[in-house]
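Everything on this sheet refers to the single structure shown next.
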Amino acid sequence: MKTESSYDVIIIGGSYAGLSAAMALGRSLRNVLIIDSGNPCNKQTPYSHNFITQDGTPPAEIARIAKEQVLKYDTVTFYNGLATAANKTEHGLEVAASTEEVFKAKKLIIATGVRDIMPDIRGFAECWGISVIHCPYCHGYEVRNERTGLLANGDVAYETAKLLTNWTMDLTVFTNGKSTLTPEQTNHLKQHNIEVIDKHIDLIKHKDGYLEHIRFADGQVFHLKATYARIGFEQHSGIPMQLGCQLTEMGHLQTDMFQKTTVPGVFACGDSTTMMRSVASVVASGNMAGVMANKELIDESF
Ligand SMILES: Cc1cc2nc3c(=O)[nH]c(=O)nc-3n(C[C@H](O)[C@H](O)[C@H](O)COP(=O)(O)OP(=O)(O)OC[C@H]3O[C@@H](n4cnc5c(N)ncnc54)[C@H](O)[C@@H]3O)c2cc1C
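So the number in the numbering used here is just where the residue sits in the sequence shown, counting from 1, plus 16.
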């Protein structure tokens with residue numbers, strides 16, 4: 017049966033960014049509904065790093081503590097489920113959930129994150145976040161000075177390889193097919209003892225996500241401890257685009273410095289809005305979105 021409830025603010029996405037926004041709003045006495053489908057991008061990572069007070073804590077534990085603290089504010093409600101649609105109305109917005117329920121609010125905060133697109137390499141997805149790493153600031157220290165790979169191509173491979181020399185000098189770039197690095201880039205990498213291998217990768221051999229070796233299509237194997245990978249992403253939810261929110265060239269939701277999207281009354285925060293993917297960054301943007309949504313509500317009623 018279709019039911020309807022009204023809130024000051026609905027937050028779609030109840031991970032770090034969404035919970036951070038909810039805390040600012042709960043502390044501002046706002047009636048808030050968080051809708052979350054429980055599928056954060058870092059769910060496979062055993063330990064999260066580089067977030068002060070929680071360095072080395074499992075990601076789900078950080079979210080659990082955050083949720084517990086946020087739900088102490090009795091104006092905040094958490095709804096486990098998927099938001100399936102949203103639209104603007106005369107008085108604000110309506111959000112539909114997969115259970116047929118419809119929720120109304122004056123403001124909407126999108127904190128739905130992004131979905132990483134796994135390349136078609138056997139073993140890659142199983143190692144993602146464990147020994148196939150997205151970011152050296154999050155996991156580089158743990159594999160410092162180890163024999164490490166970088167799965168990337170072109171300018172991105174060059175720039176990332178340069179960055180990674182801060183953590184290891186035993187680095188190999190795997191382009192998984194024809195290299196699109198320029199001869200100058202390849203030479204410069206060579207001067208730093210970084211080899212570029214352009215063979216197709218057949219398989220990432222691992223045990224419980226911990227890499228043992230990479231096997232190329234020609235059968236040759238390459239032993240290493242970990243590999244970084246630069247892969248594509250897409251918005252986790254189509255709802256912001258459905259509402260008309262504009263995307264940047266890179267595919268993030270376009271926001272101003274107050275986390276306002278291009279659609280009035282709709283804010284966005286977290287990974288869906290930035291390439292600076294870290295718990296610390298998204299908690300900051302969530303806090304800003306919560307504060308600014310509250311300010312807009314005050315301005316409109318004063
Ligand atoms: C493999 C990996 C390892 C990482 N390790 C670290 C680390 O060690 N340290 C660090 O600081 N950062 C790390 N990060 C980055 C960090 O995880 C992200 O920056 C952070 O999770 C982004 O938070 P978010 O709230 O924006 O999105 P997410 O955490 O991805 O959460 C988005 C939430 O929105 C929900 N959602 C999406 N669509 C809907 C919908 N339609 N309805 C309801 N709910 C919806 C999802 O289910 C999910 O719960 C890592 C990232 C990855 C991919």
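By construction, the Cβ of each residue, glycine as well, lies at the ideal position given by its N, Cα and C atoms.
The structure displayed is predicted, hence computed values, not measured ones.
Quiz item: Taking the Cβ atom as the reference point for each residue, do E33 and G286 lie within a distance shorter than 8 Å?
Solution: As a position in the sequence shown, residue 33 is number 17, starting the count at 1. As a position in the sequence shown, residue 286 is number 270, starting the count at 1. The displayed chain sequence assigns Ala, not Glu, to residue 33. Yes; because the gap between Cβ atoms is below 8 Å, this pair is in contact.
Quiz prompt | Classification of I314 by the beta-carbon crowding that lies within 10 angstroms, buried from 16 upward | solution = Counted from its first residue, the sequence shown places residue 314 at position 298. Classification for I314: exposed.
Exercise. Establish whether the CB of R46 and some CB of chain B are separated by less than 8 Å.
Key: Included in the structure is just one protein chain, with no chain B present.
Quiz prompt | Simplified DSSP state of E226, which is helix, strand or coil | solution = Here residue 226 corresponds to residue number 210 of the sequence shown, with the count starting at 1. This sequence places Tyr at residue 226; Glu is not what is there. Note: Y226 maps to strand in three-state DSSP.
Quiz item: Touch check for the segment 48-67 and the segment 85-96: three-plus C-beta pairs under 8 Å?
Solution: yes
Quiz item: Between I2 and G29, is the Cβ-Cβ spacing less than 8 Å?
Solution: This structure gives no information on residue 2, because the portion of the chain shown stretches from 17 to 318.
Quiz item: alpha helix (DSSP H) containing I68: first to last residue?
Solution: Numbered from its first residue, the sequence shown carries residue 68 at position 52. Neither: I68 is in no alpha helix (DSSP H) and is coded neither H nor E.
Quiz item: Which one or two residues does DSSP pair with H239 in a beta bridge?
Solution: On the sequence shown, residue 239 is found 223 positions in, with the first residue counted as 1. The partner list for H239 (beta bridge, DSSP) reads H229.
Practice problem: Would you tell me roughly how many angstroms separate the C-alpha atoms of I27 and V237, rounded to the nearest one? | Solution: Walking along the sequence shown from the start, residue 27 turns up at place 11. Walking along the sequence shown from the start, residue 237 turns up at place 221. So the alpha carbons of these two residues sit roughly 47 Å apart.
Practice problem: Tell me, please, which residues DSSP counts as bridged to V86. | Solution: Position 70 of the sequence shown, counting from 1, holds the residue named residue 86. V86 is not bridged to any residue.
Quiz item: Heavy atom of ligand 1 less than 7 Å from the Cβ of A67, yes or no?
Solution: For the purposes of this step, residue 67 is identified with residue 51 of the sequence shown, where counting begins at 1. This sequence places Phe at residue 67; Ala is not what is there. Indeed, a heavy atom of ligand 1 lies less than 7 Å from the Cβ.
Quiz item: N284: beta carbon under 7 Å from a heavy atom of ligand 1?
Solution: Counted from its first residue, the sequence shown places residue 284 at position 268. For the sequence presented, residue 284 should be read as Ala rather than Asn. Answer for A284: no, Cβ out of range of ligand 1.
Practice problem: Kindly indicate the opening and closing residues of the alpha helix (DSSP H) around Y174. | Solution: Translated into the one-based positions of the sequence shown, residue 174 becomes position 158. Taken as a continuous stretch (DSSP letters only), the alpha helix (DSSP H) holding Y174 covers 170-180.
Quiz item: For T164 versus L240, is the C-beta spacing smaller than 8 Å?
Solution: Locating residue 164 in the sequence shown gives position 148, counting from the first residue. Locating residue 240 in the sequence shown gives position 224, counting from the first residue. In contact: T164 and L240 (Cβ atoms closer than 8 Å).
Exercise. Under 8 Å by Cβ, that's how I've got T188 and E211 pegged, so tell me the actual separation to the nearest angstrom.
Key: In the sequence shown, the residue the question calls residue 188 occupies position 172. In the sequence shown, the residue the question calls residue 211 occupies position 195. T188 to E211, Cβ: 5 Å. Contact.
Quiz item: Taking the beta strand (DSSP E) that G165 falls in, what are its first and last residues?
Solution: Sequence index remark: in the sequence shown, residue 165 carries index 149 (1-based). First-last of the beta strand (DSSP E) with G165: 164-167.
Practice problem: From the DSSP output, read off the bridge partner residues of F119. | Solution: As a position in the sequence shown, residue 119 is number 103, starting the count at 1. Answer is S21, V111, bridged to F119.
Practice problem: May I ask you to list the residues that DSSP assigns as paired with D132? | Solution: Looking up residue 132 in the sequence shown gives position 116. Paired residue(s): F249.
Self-check item: Sequence-distant residues of the same chain with beta carbon closer than 6 Å to S253, five excluded per side
Solution: Sequence index remark: in the sequence shown, residue 253 carries index 237 (1-based). T128, listed in sequence order.
Self-check item: Buried versus exposed, by CB contacts within 10 Å (16 or more), N209
Solution: Start at 1 with the first residue of the sequence shown, and residue 209 comes out as number 193. Classification of N209: exposed, given that the 10 Å Cβ count is below 16.
Practice problem: Measure the C-alpha to C-alpha separation of S147 and E162 and round it to an integer number of angstroms. | Solution: Sequence index remark: in the sequence shown, residue 147 carries index 131 (1-based). Sequence index remark: in the sequence shown, residue 162 carries index 146 (1-based). Straight-line Cα distance between these residues: approximately 12 Å.
Exercise. Have a look at F119 and Q270 and give me their C-alpha separation to the nearest angstrom.
Key: Counted from its first residue, the sequence shown places residue 119 at position 103. Counted from its first residue, the sequence shown places residue 270 at position 254. Rounded to whole angstroms, F119 to Q270 spans 25 Å at the Cα level.
Quiz item: In whole angstroms, what separates the C-alpha of A141 from that of F249?
Solution: Your numbering for residue 141 matches position 125 in the sequence shown. Your numbering for residue 249 matches position 233 in the sequence shown. Approximately 14 Å between the Cα atoms of the pair.
Exercise. With a threshold of 16 other CB atoms inside 10 Å of the CB of S36, please say whether the residue is buried or exposed.
Key: For the purposes of this step, residue 36 is identified with residue 20 of the sequence shown, where counting begins at 1. So S36 counts as buried.
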